[in-house]
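Comments concern the structure below.
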Amino acid sequence: VKRVRTHHLREMKQRGEKFTMLTAYDMYTAQVFDEAGIDVLLVGDSAANNVYGHRTSLPITVDELIPLARAVAASASRALVMGDLPFGSYQGSPEQAWDTAARFMKEAGVAAIKLEGGAAMAPQIERLAKGGIPVCAHIGFTPQYEHALGGYRVQGRAEAADRVLQDALAAQEAGAFCVLMEMVPAELAAKISAQLEIPTIGIGAGNGTDGQVLVWQDAFGLNTGRLPRFVKQYADLRGVLLEGAKAYAADVKGGTFPAPEHGF
Ligand code: KIV
Ligand code: NA
């Protein structure tokens, strides 16, 4: 199978063909999503919440995320694998961003990097792009800035719309190969997508972006906590695993597992 490259995403945009992205943090999910034809696998800093058990994405470190990214990159044969830069690992300076992004490329083998910020991160985006690292700029609601933004809320309503547009344009101008918009009004996200030459990816940003992304534990029913309204649940993995674990426990306690055929 032919590897998905950044130019393929741009070509899909030009053809008006939607593309898909899911998070992945390990080998089996990477294999399954790759086989399903998901175009981009994001090793998100949301691993903080979905792997390491934190309440926000802020605590995860580069050293904790790189091994997960390495597992995903090693397991996907078609999808473009993107690594997410953790909070505090790039905001400091373009050089800091370069050093962190280069570690993801070299140690994990990802093909692209995502960071949070548009206009404010333009120097970082430009540094990576000029150094040969494809960058996706995450704008709109940016979870790493939760405390500055005053919690989880839609960005770009009313007068704030221009700020989101300016972030998108600044990211494109700085050399980003795509822009990811989170929790932005659908109409604004569609307008920005039409205005940009580079592809856009949406989460909680309506149907007018070029691609869509979801966190897999949300999309497939492993996380059954309070989910944002932009999530659609496509499977009930928690139910499947719960029944499996209960059946196993019942067999062991009832003495029916292992059976003779499971032994030597
Ligand atoms: O870390 C993540 O999962 C993300 C997506 C929600 C876009 O950044
Ligand atoms: Na993220």
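In short: position in the sequence shown from 1, add 19, done, that's full-length UniProt numbering. For glycine and all other residues, C-beta sits at the position ideal for the given N, C-alpha and C. The structure displayed is predicted, hence computed values, not measured ones.
Checklist entry - Using a threshold of 8 Å, is the CB atom of G107 nearer than that to any non-hydrogen atom of the ligand KIV? => result No - the ligand KIV has no heavy atom lying nearer than 8 Å to the Cβ of G107.
Item to check | Distance between beta carbons of V81 and M119, contact taken as under 8 Å | outcome: First, the amino acid is wrong: residue 119 is Thr here, not Met. Taking 8 Å as the upper bound for CB-CB distance, T119 and V81 are in contact here, some 6 Å apart.
Next on the checklist: the ligand NA and H157: does any heavy atom of the ligand fall closer than 8 Å to the residue's C-beta?
Outcome noted: A heavy atom of the ligand NA is found nearer than 8 Å to the CB of H157.
Checklist entry - Should E126 be counted as a contact of the ligand NA given a C-beta to heavy atom distance under 8 Å? => result Of the heavy atoms belonging to the ligand NA, none sits nearer than 8 Å to the Cβ of E126.
Checklist entry - With C-beta atoms as the reference, is Q185 less than 9 Å away from A138? => result Cβ atoms of Q185 and A138: closer than 9 Å.
Checklist entry - Got a sec? Which residues, its chain only, sit under 7 Å from S65 by beta carbon, not counting five neighbours each side? => result The residues T42, S76 and V234, in chain order, have a CB closer than 7 Å to that of S65 in the same chain once the five nearest residues on each side in sequence are set aside.
Next on the checklist: Considering only the alpha carbon of each residue, which of V250, E114 and N242 lies closest to L261?
Outcome noted: The residue with the shortest Cα to Cα distance from L261 is N242.
Checklist entry - DSSP state of A98, grouped into three classes? => result Secondary structure of A98 (DSSP, three-state): coil.
Item to check | Proximity of L99 and R22 at Cβ, strictly below 9 Å | outcome: Going by C-beta atoms, L99 is nearer than 9 Å to R22.
Checklist entry - Comparing alpha-carbon positions, which option in A130, Q236 and A95 lies nearest P247? => result Out of A130, Q236 and A95, the CA that lies nearest to the CA of P247 is found in Q236.
Next on the checklist: Excluding the 5 residues flanking I57 on each side, which residues of the same chain have their C-beta closer than 8 Å to its C-beta?
Outcome noted: So the qualifying residues of the chain are T39, M40, L41 and A98.
Checklist entry - Near A67, which residues of its chain fall below 6 Å by C-beta distance, leaving aside the five closest residues on each side in sequence? => result Correct list, in chain order: H73, S76, P78 and I79.
Checklist entry - Taking the continuous beta strand (DSSP E) assigned at H157, which residues delimit it? => result Looking at the DSSP string, the run of the beta strand (DSSP E) that includes H157 is V154 to G159.
Next on the checklist: Is any non-hydrogen atom of the ligand NA found closer than 8 Å to the C-beta of D237, if you look at the structure I gave you?
Outcome noted: Flag unset: Cβ of D237 not near the ligand NA.
Checklist entry - What do you get for D270, buried or exposed, if any count of 16 or more other CB atoms within 10 angstroms of its CB means buried? => result D270 comes out exposed.
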